[in-house]
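*Asks:* The structure follows.
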Amino acid sequence: AQSVTQLGSHVSVSEGALVLLRCNYSSSVPPYLFWYVQYPNQGLQLLLKYTSAATLVKGINGFEAEFKKSETSFHLTKPSAHMSDAAEYFCAVSDAGGTSYGKLTFGQGTILTVHP
Amino acid sequence: NAGVTQTPKFQVLKTGQSMTLQCAQDMNHNSMYWYRQDPGMGLRLIYYSASEGTTDKGEVPNGYNVSRLNKREFSLRLESAAPSQTSVYFCASRRTGENEQYFGPGTRLTVT
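Heads up: the protein sequence lines correspond to chains A and B, in order.
When you number the first sequence by the numbering used here, it's gap-free, plus one each residue, and the end is 116.
When you number the second sequence by the numbering used here, it's gap-free, plus one each residue, and the end is 1112.
This is the structure:
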């Protein structure tokens, strides 16, 4: 079974500050890992994904994440927050192949607030 | 391409009523999924369809049924709605051989 834990249901930063959203996963098989963003009253949009290529993954809107197998982590970062980054962020895991049919297991979500 | 579309956007039901949530995708994806989103719980998988003609239960299937009508459409039915089914419902699809899922805009359902 797979699981995802996002540390911190709410994160608040100032505009221009570093954004760090934490995600730890549990998986008995090599994982695929994803970060999705959800703006208010909208669906989920893929930010970035890790699929066993480079461990440092760059996504849209200046976000990146690093896969650390030893720490079972996939934290999301952005060097300088912008007001438009305010949203809810979800980390998700899927197994790489196998019989899961691409099913995603999501974390609880982290709401990012950006202050002027 | 419209991507993944869902209807309706909003719905209010009384306890015991039934309804069907519609989902369609125009990306020729084989796999489709239904999730529910509740505050503080992320998204949880209700049912999925790995390919046309097949459906399987996810994490929280009780109280729901699904139909994979054809490759494009995957509907979710609530036979007798309960207040515990108040939630935001998302449909998603995935192309075989790729890993990410593409999500629709969601249906906000309230059961009173």
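C-beta: ideal position from N, C-alpha, C; glycine also.
1. Below 8 Å on the Cβ atoms is my contact criterion, and I expect residue 1018 of chain B with residue 1079 of chain B to pass it. Report the Cβ-Cβ distance as a whole number of Å.
2. With distances taken between CB atoms, is the gap from residue 63 of chain A to residue 76 of chain A smaller than 8 Å?
3. Could you compute how far the alpha carbon of residue 18 of chain A sits from the alpha carbon of residue 31 of chain A?
4. Straight-line CA distance for residue 48 of chain A to residue 1103 of chain B?
5. Go ahead and pull the three-state DSSP assignment for residue 1083 of chain B.
6. For the region 102–115 of chain A, enumerate the residues whose C-beta is nearer than 9 Å to any C-beta of chain B, in chain order.
7. Check whether the Cβ atoms of residue 1020 of chain B and residue 1076 of chain B sit closer than 8 Å, and answer yes or no.
8. Measuring straight from C-alpha to C-alpha, what distance separates residue 94 of chain A and residue 105 of chain A?
9. Using the rule of at least 16 other Cβ atoms within 10 Å of the residue's Cβ for burial, across every protein chain shown, is residue 71 of chain A buried or exposed?
10. Can you tell which of A:60, A:55, A:82 and A:8 has its C-alpha closest to the C-alpha of residue 15 of chain A?
11. Considering only DSSP beta bridges, list what residue 12 of chain A is partnered with.
12. One question on the structure: do residue 1118 of chain B and residue 1049 of chain B come within less than 8 Å of each other, judged by their Cβ atoms?
13. Beta-carbon within less than 7 Å of residue 1087 of chain B's beta-carbon, same chain only, minus the 5 sequence neighbours each way: which residues are those?
14. Taking beta-carbon pairs under 9 Å, can you tell me which members of the region 41–52 of chain A lie near chain B?
15. So the beta strand (DSSP E) residue 79 of chain A belongs to, where does it begin and stop?
16. Rounded to the nearest angstrom, how far is the Cβ of residue 1095 of chain B from that of residue 1030 of chain B, given a contact under 8 Å?
17. Counting only Cβ pairs nearer than 9 Å, list the residues of chain B close to residue 73 of chain A.
18. So, residue 1085 of chain B versus residue 1092 of chain B, is the Cβ gap smaller than 8 Å?
19. Consult DSSP for residue 24 of chain A and reduce its assignment to one of helix, strand or coil.
*Replies:* To lay it out plainly:
1. 5 Å
2. yes
3. 27 Å
4. 14 Å
5. helix
6. 102, 103, 104, 105, 106, 107, 108 and 109
7. yes
8. 7 Å
9. exposed
10. A:82
11. A:113
12. With chain B covering 1001 to 1112 only, the question about residue 1118 of chain B has no answer from this structure.
13. 1036, 1037, 1038 and 1109
14. 41, 42, 43, 44, 45, 46, 49 and 51
15. Careful: residue 79 of chain A lies outside any beta strand (DSSP E) and carries neither H nor E.
16. 7 Å
17. Chain B residues near residue 73 of chain A: none, gap ~17 Å exceeds 9 Å.
18. no
19. strand
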